[in-house]
Structures are given as C-alpha cells and as structure tokens.
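Before any comments, here is the structure.
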Amino acid sequence: MKHLYLVLFFFVCSLGFSQNSQASADIDGFKLYPNPVTYGKVFIETSNNSPKQILIFDVLGTQVLKTTILGKELNLSNLDKGVYILRVVENNKVATRKLIIK
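Take the sequence shown: its letters are residues -23 to -1, 1 to 79, numbered as in mature numbering (1 follows the signal peptide of the UniProt record, and there is no 0).
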C-alpha cells in the first residue's frame, strides 16, 4: 500500500512537468512566502501581479483547493497541517511548488 502512495505522489509531482512548453514556463518573478506556512496565510508575488488561479493538491493527488486571487494573499487556514502541491497559473504560465503547512 505504501508503494501505491509513493507512485501516486510521483505522478502528482510529474503533472507540473507534463504540460506543453509554453504553459509550463515558470512565472516571472514568482515568490512564495512564508513556506512553511505557520499562521494560515501565504503570499504569492509575481512580476505582473495579475489575477492568479490557485490549485492545491494533497500528496495523493486529490484537489483540496481551487480559487482565484487578485492580490498577493492566500488564506489557507482551512487546510490541515501537512505537505501539499501548489500550482499557480497566471497569463498561461504555470509555477508548481511544494507547500508545507505547520
């Protein structure tokens, strides 16, 4: 059973690299802080600061959050402690990062 979880985890991680080359280009000036998240809020900055679609997946690949933010602040207080995969889409560019919530 542990092997199945490991395979699923690597599958989810590889999703960030399986898009076409234009969509998988990293977002210019992408900053994610603080990571690990301790107070339920994380800040996401980019050079353009355009609206961003946020997708968060748990380690099993289940989508636990889908939202759009207009500014920099993202409230994560409703998520449990753990390791997640954060995907940010802005102007057809994608950034994927590991997100830790303590």
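By construction, the Cβ of each residue, glycine as well, lies at the ideal position given by its N, Cα and C atoms.
Between the beta-carbon of V41 and that of L56 there is about 6 Å, and that keeps the pair under the 8 Å contact cut. Apart from sequence neighbours up to five positions away, the residues of its chain that approach V14 with a beta-carbon distance below 8 Å are L53, L76, I77, I78, K79, ordered along the chain. Looking at I33, N26, Q30, the one whose alpha-carbon comes closest to that of K49 is N26. The DSSP-derived three-state label of G59 is strand. A residue is called buried when at least 16 other Cβ atoms come within 10 angstroms of its Cβ; Y16 does not meet this threshold and is exposed. N12 is the residue among I4, G6, N12 whose C-alpha sits nearest the C-alpha of I62.
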